[in-house]
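Here the sequence shown stands for residues -24 to -1, 1 to 440, numbered as in mature numbering (1 follows the signal peptide of the UniProt record, and there is no 0). Glycine included, each C-beta is placed from N, C-alpha and C at the ideal position. Take a look at the structure below.
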Amino acid sequence: MKPLKLKLLEIFLLLSLYYACVVAKEKNQQTKRTYIVHMDKSNMPESFIDHSLWYDSSLKSVSESASMLYTYEKVIHGYSTRLTAKEAETLRKQPGILSVLPEVRYELHTTRTPEFLGLGKSSAFFPTSNSMGEVIVGILDTGVWPELKSFDDSELGPVPSGWKGACEVGKNFNSSSCNRKLIGARFFSKGYEAAFGPIDESMESKSPRDDDGHGTHTATTAAGSVVPDANLLGYASGTARGMASHARVAIYKVCWLGGCFGSDILAAMDKAVADGVDVMSMSIGGGISEYYGDTVAIGAFTAATHGVFVSCSAGNSGPMPSSLSNVAPWITTVGAGTLDRDFPASLTLGNGEKYSGVTLYNGKQLSSSAVPLVYGGNASNTSSGNLCMAGSLIPGKVSGKIVTKAVKISVEPATLSFSAQYEKKSYTVTFTAGSMPSGTTSFARLEWSDGKHIVGSPIAFSWT
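If you want it as structure tokens, here you go:
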């Protein structure tokens, strides 16, 4: 009888597994997610007098309970809604439907830049006329911190007459936050809240207010006003300004603590075109996909037909092949660069050996007497101590001492001798450290000097 019992047990287990798979599949079919429905406007049946009625009819044909999160009229014709996978598949088969795309969540990807690029006031890129003041730059990001001097409007004339935008109010943001520089601000959260539930306003502001800083950074980099005597902790003093310092700024907050959702981004792009922006800037991105399935690419294509210049970030990934974001040919894809700015500091040991590094120390002047050194990794209870991260060091072990990250760089050979012009030489750069977490990225700068000229090379390396 034992073989029969064993056989029955096997059958029972197989049936249980099959039932679990069926239940999981059924549950997956009933789970709702956000879809963006792209309609063929020219295919609207004559029985409808308005596109919104057509949209609503198409949606109600597959789900009586579903409602539209947004309707889109500029960058695409269509709407976004919450559907099950089965409902979405049924909707795809309807006439007049171009696509039903599952929503994608996107991620967020300096004062010296203009001079470093040779774009001074005399450059053709920065004309002396006031025509730049007629350009409106729309920033789709995490919002804005309007109190910054970079949004001062004292040198600007009236808001361009073609502007149709608004200054939406909400937590920590009122209508007076906008001016002749920051001429508009909106926020888009329906897609985010459909996925994650209502925004926790104890954690972030349901308004154009920037609780992250990323959006304020990108907005001021693009079009911040001239701010003299700017500095970072007393370092790098100079004049801060955006690349188009007299352009107007319009903010479209689409990114929240949980990310940036495609339906919100598309709604912001749609509204930005309707508002009258001339430039649309997005430092956000997702993975590589076909253009017809890429929300940003689709929106940017139609925005371009309305005369809007669309600029997007290339992303933070790489340097592997196919690691860029926003690569559609009608988008200007902007990669990160390096500046000729450094914050050098030298360290002399008791034996006379000298080391070069960087620092942003702005405390009291150190005494000329020797100060103890301590490696951050030996003064911490966490793996981030070797990077001197905030809160990672034990105060009693580092107080009154110089804390190092213990990364040593050596170059071999240390001197290069050339006998002819354009002659090429090779050298080896070696990085060593006591212990670094896998995936940690470090930055450095290598300089060669003949006593008169300096050739510098920025370095970035990742520990594995």
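Counted within 10 angstroms of its Cβ, other Cβ atoms place residue i as buried (16 or more) or exposed
| i | result |
| --- | --- |
| Met179 | exposed |
| Gly210 | exposed |
| Trp30 | buried |
| Tyr228 | buried |
| Pro204 | exposed |
| Phe319 | exposed |
| residue 489 | Absent from the model: residue 489. The displayed extent of the chain is -24 to 440, so no value can be given. |
| Tyr46 | buried |
| Cys220 | In the sequence under discussion, the amino acid at residue 220 is Ala, which differs from the Cys named in the question. Ala220 should be labelled buried. |
| Met296 | exposed |
| Pro184 | buried |
| residue 441 | Outside the shown range of the chain (-24 to 440) lies residue 441, about which nothing can therefore be said. |
| Leu342 | exposed |
| Ser98 | Because the pLDDT at Ser98 is just 48, under 50, the model does not fix this residue reliably, and the value given afterwards should be weighed accordingly. The residue in question, Ser98, is exposed, as its Cβ has fewer than 16 Cβ neighbours within 10 Å. |
| Phe163 | buried |
| Ser213 | exposed |
| Ala346 | exposed |
| Glu144 | buried |
| Gly311 | exposed |
| Val272 | buried |
| Lys247 | buried |
| Ala436 | exposed |
| Ala279 | buried |
| Asn302 | buried |
| His282 | exposed |
| Val253 | buried |
| Ala199 | buried |
Assigned secondary structure, residue i (DSSP; H/G/I helix, E/B strand, else coil)
| i | result |
| --- | --- |
| Gly191 | helix |
| Leu422 | strand |
| Leu84 | strand |
| Thr335 | coil |
| Pro78 | strand |
| Leu132 | coil |
| His429 | coil |
| His282 | coil |
| Ser151 | helix |
| Arg68 | helix |
| Ser137 | coil |
| Thr358 | coil |
| His27 | helix |
| Thr118 | coil |
| Phe277 | helix |
| Ser395 | coil |
| Glu144 | coil |
| Glu388 | strand |
| Thr10 | strand |
Residues near residue i by beta carbon distance below 7 Å, same chain, minus five either side
| i | result |
| --- | --- |
| Lys8 | Arg58, Leu59, Thr60 |
| Ser39 | Leu59, Glu63 |
| Asn338 | Leu209, Gly210 |
| Glu110 | Pro136 |
Min CB distance residue i to chain B below 8 Å
| i | result |
| --- | --- |
| Ile227 | Note that chain B does not occur in the displayed structure, where there is just one protein chain. |
Distance CB(residue i)-CB(residue j) smaller than 8 Å
| i | j | result |
| --- | --- | --- |
| Phe237 | Ala290 | no |
| Ile241 | Tyr82 | yes |
| Leu226 | Ile159 | At residue 226 the sequence reads Ala, which differs from the Leu that was named. In this structure, Ile159 lies closer than 8 Å to Ala226 by Cβ. |
| Pro389 | Tyr398 | no |
| Glu49 | Gly167 | no |
| Val350 | Val374 | yes |
| Leu116 | Lys157 | no |
| Leu77 | His27 | no |
| Val202 | Thr215 | yes |
| Ile12 | Ser298 | no |
| His85 | Ser259 | yes |
| Gly173 | Thr196 | no |
| Ile378 | Asn357 | no |
beta-carbon residue i near the ligand GTP non-hydrogen atom, thresh 7 Å
| i | result |
| --- | --- |
| Ala223 | In terms of ligand content, the structure shown is empty, and the ligand GTP therefore cannot be addressed. |
Nonlocal neighbours in the same chain, by C-beta distance under 8 Å from residue i, ignoring five residues either side
| i | result |
| --- | --- |
| residue 517 | No answer is possible for residue 517: it lies beyond the span of the chain, which begins at -24 and ends at 440. |
| Met44 | Tyr31, Asp32, Leu35, Tyr55, Ser56, Thr57 |
| Glu169 | Ile175 |
Neighbourhood of residue i by C-beta distance below 6 Å, restricted to the same chain and skipping five residues each side
| i | result |
| --- | --- |
| Val255 | Val113, Phe285 |
| Ser181 | Lys147, Asn148, Asp187 |
| His429 | none |
| Thr192 | Val120, Trp121, Asp186 |
| Asp251 | Lys140, Gly141 |
| Ala366 | none |
| Ser425 | none |
| Asn19 | Gly72 |
| Val230 | Leu116, Phe164, Cys236, Asp240, Ile241, Ala244 |
| Ala304 | Tyr267, Ala273 |
| Glu423 | Ile430, Gly432 |
Legend entry - Every unbroken alpha helix (DSSP H) within the stretch 174 to 234, with a cutoff of 4 residues, ordered by chain: Entirely contained in the stretch 174 to 234, the alpha helix (DSSP H) runs reaching 4 residues are, in chain order, 190 to 199.
Inset, instruction - Quick one: which unbroken beta strand (DSSP E) runs of 3-plus residues sit fully inside the stretch 289 to 321? Chain order, please. - result: 308 to 310
Legend entry - beta strand (DSSP E) runs wholly inside the stretch 42 to 66, at least 3 long, in chain order: Runs of the beta strand (DSSP E) lying entirely within the stretch 42 to 66 and spanning at least 3 residues, in chain order: 44 to 48, 54 to 60.
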